[in-house]
Structure formats: structure tokens, C-alpha cells
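Residue numbers (our numbering): 379 to 669. All C-beta atoms in this analysis are idealised placements derived from N, C-alpha and C, irrespective of residue type, glycine included. Note that the structure is predicted; figures quoted are calculated from it, not measured.
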């Protein structure tokens, strides 16, 4: 939490202007786009917001909410068939098309999030940024919405930028995973690489904190980090994770490690000692021993 996940999403959409760096969409530099190009980009990249309550206008009907993108991008509006198209979208996300004239307060949290999904689909985007779309929902409803997103991805050939802090949900829905710490991506890999062969010490500590439901594995030793997350306004020099890292050495305070593939397998890691195992570390981590 607070590592910059949502800021990355806003920057991709140019809702926040970057202080440095570049981002590309289909070979085009997002930050160099003029207004016309940016308008086109926002048709192709849509958002599903975290809070299904505050992201829907309570004074608008469901039909008006889902159709609102067409008011902005009039060239995409289905001529003479707008109501039918809205009903088709409601049906697509698992809602009753006859509820088109209802208001948001007449729906549950999960249903409201489905309305947000329908709105995001209205312009036939190529990419949808999902900013913690299920974190405000009950666990059972979370599973329903995740399954909906997966089925829509297969049916409509969508790409997702899925932002979340729930490691189990990330593993379930993701093909590739990026781990962030204090404003920087520290590791990128496939779902299998990140969860089965993590190389950055922060990723290793995150996964070690996940409860193990298998009683046969109860009491397994775990890595426990020392200290608190530094202030983003005054981050440590060099590697921002070094103040909590058991692999830390002098170079970690002197240089910022690059996010590079250190093993030649397409699995970049921002750590000078990504190949060092916990047992080989210079500074031993705190271990929670089984009782």
C-alpha cells in the first residue's frame, strides 16, 4: 500500500503528468501525444475504479451511467440503438437489462461494480486498467467479479493492467506480475516466476507473509522484515529497500540498482544480489521459528 500503483495507472492515462520517463502504447509515446491523439488513447484505455459506491453518480440511472462515454466520444455512439446497446452491455456483465432505469442505490456493491465494468466496455477498449476493482467487496462477491473479468478478457480479447495488493487474486488473474516498493518496480516476471522463484528480497518477504492453509506445513520458518517503510518524500539513497534488507552491502547505499534481467530468462529484478539465497546472505534475516 502506498507504493505508487494507482499513480502509475493515472500516469498511463495522463491524468497525472510524469516528472520523468516515458510510456508507450502500441509504439506511441503517451507523454508526447497532442489533445487529439490523447482523446483517441482514452477510447482505447478505460478504467474500472476501486470503490463501486463513489464511482457511480447517484443522480444518474444505470442506463445514463453506462452510456456516458458516448456523450464524450460521440463518434463511438451506436446510432439509434443506444438503449439496446446499453441493455446488451448490462446482460454481458450479468445484470438484468430491464433494470436500465434504476439508480445505483438500488444495487448491491457487486452489482455496482458490474455497472462500472459495463461502462468501461462501452467504447470497445483494448486495455482496461483495473484499480483494485474487488478490494471493497465481500470475498464471495470478489470471486464472482474476478470470474467475470476473466470471461470478458477471453471473449473480447482484452488486456488488463490489474492493480491489487491481494497476492492470491494477483496470482489467479495475472499472466505477468510487477512488484512495486516505494515508487519503483523491483521485480517483473510471469506468475510462476514471481510466486515460485522470487529473486528480489522484498518479493520474498511478501510471499513469506502469506498464511499457509496446509496444516502439514504449519510452523514453517518465515522471513520477518525489520523496521518501517521509509518516507516517500525522503527515500534512502541507492536501493530504497536497503534499510530493511538482509542482503544489504555497501554498494546498495551508493548506487540505484537497475531493473534488469540478471539471469537471461526474461525475469528482471532490481537487486544487486538477486541470485543470493537467504542462507547465503551477508546479513541474516529475522526468522520466525516454529513453536
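Looking at the secondary structure, which residues open and close the alpha helix (DSSP H) in which residue 421 lies? Counted from its first residue, the chain shown places residue 421 at position 43. For residue 421, the uninterrupted alpha helix (DSSP H) run begins and ends at 413 to 422, by DSSP.
Helix, strand or coil: which one does DSSP assign to residue 538? As a working mapping, residue 538 is identified with position 160 in the chain shown. DSSP places residue 538 in strand when its eight states are reduced to three.
With H, G and I counted as helix, E and B as strand and the rest as coil, what does DSSP make of residue 593? Within the chain shown, residue 593 is the residue found at index 215, counting from 1. Three-state DSSP puts residue 593 in a helix.
If you count every other CB in all the chains shown that lies within 10 Å of the CB of residue 577, and 16 or more means buried, which is it? Taking the first residue of the chain shown as 1, we reach residue 577 at position 199. Taking every protein chain shown into account, the CB of residue 577 has 16 or more other CB atoms within 10 angstroms, so this residue is buried.
Identify which residue in 525, 600, 619 has its Cα closest to the Cα of residue 558. Along the chain shown, read from residue 1 onward, the residue named residue 558 stands at position 180. Ranking 525, 600, 619 by Cα distance to residue 558 puts 619 first.
Would you say the stretch 420 to 440 touches the stretch 480 to 490, given that touching needs at least three Cβ pairs under 8 angstroms? Yes, the stretch 420 to 440 is in contact with the stretch 480 to 490.
Residue 565 - partner residues in DSSP beta bridges: Translated into positions along the chain shown, residue 565 becomes position 187. Looking at the DSSP output, residue 565 shares a beta bridge with 557, 647.
Within the same chain, show all residues whose beta-carbon is closer than 8 angstroms to that of residue 498, passing over the 5 residues directly before and after it, in chain order. Stepping through the chain shown from its first residue, residue 498 is reached at position 120. Closer than 8 angstroms at Cβ, skipping near neighbours: 424, 425, 426, 506.
Would you list, in sequence order, the uninterrupted alpha helix (DSSP H) runs of no fewer than 4 residues that lie entirely inside the stretch 384 to 470? Listed in chain order, the complete alpha helix (DSSP H) runs (minimum 4 residues) inside the stretch 384 to 470 are 413 to 422, 440 to 450, 460 to 470.
Whose C-alpha, out of 460, 515, 523, 476, is nearest the C-alpha of residue 492? Indexing the chain shown from 1 puts residue 492 at position 114. Closest by alpha carbon: 523.
Around the Cβ of residue 418, are there at least 16 other Cβ atoms within 10 angstroms (buried) or fewer (exposed)? Taking the chain shown and counting its residues from 1, the one referred to as residue 418 is at position 40. It is exposed - the Cβ of residue 418 has fewer than 16 other Cβ atoms within 10 Å.
Pairwise C-alpha distance: residue 579 and residue 649: Taking the chain shown and counting its residues from 1, the one referred to as residue 649 is at position 271. Taking the chain shown and counting its residues from 1, the one referred to as residue 579 is at position 201. One C-alpha to the other measures close to 8 angstroms.
Can you tell me whether residue 400 is buried or exposed, with buried defined as 16 or more other CB within 10 angstroms of its CB? Sequence index remark: in the chain shown, residue 400 carries index 22 (1-based). Residue 400 comes out exposed.
Measure the alpha-carbon distance for residue 565 versus residue 641 and round it to whole angstroms. For this step, residue 565 is matched to residue 187 along the chain shown. For this step, residue 641 is matched to residue 263 along the chain shown. Approximately 13 angstroms, taken between the alpha carbons.
Residue 521: CB within 6 angstroms of a non-hydrogen atom of the ligand SAH: This structure simply doesn't include the ligand SAH, nor any ligand for that matter.
Coarse secondary structure for residue 532, derived from DSSP in three states: As a first step, residue 532 must be located in the chain shown, where it is residue number 154. The three-state reading of DSSP puts residue 532 in helix, counting H, G and I together.
Using C-beta distances below 7 angstroms, list every residue in its chain close to residue 501, excluding the 5 sequence neighbours before and after it, in chain order. Here residue 501 refers to the residue found at position 123 when the chain shown is read from its first residue. Scanning its chain for C-beta atoms nearer than 7 angstroms, with the 5 sequence neighbours on each side dropped, one finds around residue 501 the residues 421, 424, 447, 451, 454, in chain order.
Beta-carbon contacts of residue 465 that lie in its chain and below 7 angstroms, excluding the five residues immediately before and after: Reading the chain shown from its first residue, position 87 is the one you call residue 465. 475, 478, listed in sequence order.
The alpha helix (DSSP H) that contains residue 623, what's its start and end? Counting from one through the chain shown, the residue named residue 623 turns up at place 245. Residue 623 -> no alpha helix (DSSP H), and no H or E assigned at all.
Measure how close the beta-carbons of residue 490 and residue 436 come, nearest whole angstrom, since I'm counting them as under 8 angstroms. Taking the first residue of the chain shown as 1, we reach residue 490 at position 112. Taking the first residue of the chain shown as 1, we reach residue 436 at position 58. Rounded, the Cβ-Cβ distance is 10 angstroms, inconsistent with contact.
Hey, residue 510 and residue 542: beta-carbon distance below 7 angstroms or not? Position 132 of the chain shown holds residue 510. Position 164 of the chain shown holds residue 542. Contact: yes.
Residue 406: buried (16+ other C-beta within 10 angstroms of its C-beta) or exposed? On the chain shown, residue 406 is found 28 positions in, with the first residue counted as 1. Burial state of residue 406 is exposed, judged by a 10 Å Cβ sphere holding fewer than 16 other Cβ atoms.
Span separating the alpha-carbon of residue 457 from that of residue 463: By 1-based counting over the chain shown, the position of residue 457 is 79. By 1-based counting over the chain shown, the position of residue 463 is 85. Roughly 10 angstroms between the two C-alpha positions.
Do residue 433 and residue 494 come within 7 angstroms of each other at the CB atom, strictly closer than that value? What you label residue 494 is simply residue 116 of the chain shown in a count that begins at 1. What you label residue 433 is simply residue 55 of the chain shown in a count that begins at 1. It is a contact, given that the beta carbons lie within the stated cut-off.
Taking just the CA atoms, how far does residue 469 sit from residue 607? As a position in the chain shown, residue 607 is number 229, starting the count at 1. As a position in the chain shown, residue 469 is number 91, starting the count at 1. Straight-line Cα distance between these residues: approximately 45 angstroms.
Closest to residue 602 by C-alpha separation, out of 613, 582, 611, would be which residue? Walking along the chain shown from the start, residue 602 turns up at place 224. Distance from the Cα of residue 602 is smallest, within the candidate group 613, 582, 611, for 582.
Could you check the C-alpha separation between residue 513 and residue 428 for me, to the nearest Å? As a working note, residue 513 is residue 135 in the chain shown. As a working note, residue 428 is residue 50 in the chain shown. Roughly 7 angstroms separates the two Cα atoms.
Determine the DSSP secondary structure at residue 495, reduced to helix, strand or coil. One-based indexing of the chain shown puts residue 495 at position 117. Residue 495 sits in a helix when the DSSP states are folded into three classes.
Can you name the residues that DSSP bridges to residue 547? Working through the chain shown from its first residue, we reach residue 547 at position 169. Answer is none; residue 547 lacks a bridge partner.
Does DSSP put residue 505 in a helix, in a strand, or in coil? For the purposes of this step, residue 505 is taken as residue 127 along the chain shown, with counting starting at 1. For residue 505, the three-state secondary structure derived from DSSP is strand.
Rounded to a whole number of angstroms, what is the C-alpha to C-alpha distance between residue 397 and residue 412? Along the chain shown, read from residue 1 onward, the residue named residue 397 stands at position 19. Along the chain shown, read from residue 1 onward, the residue named residue 412 stands at position 34. Taking the straight line from one Cα to the other gives about 18 angstroms.
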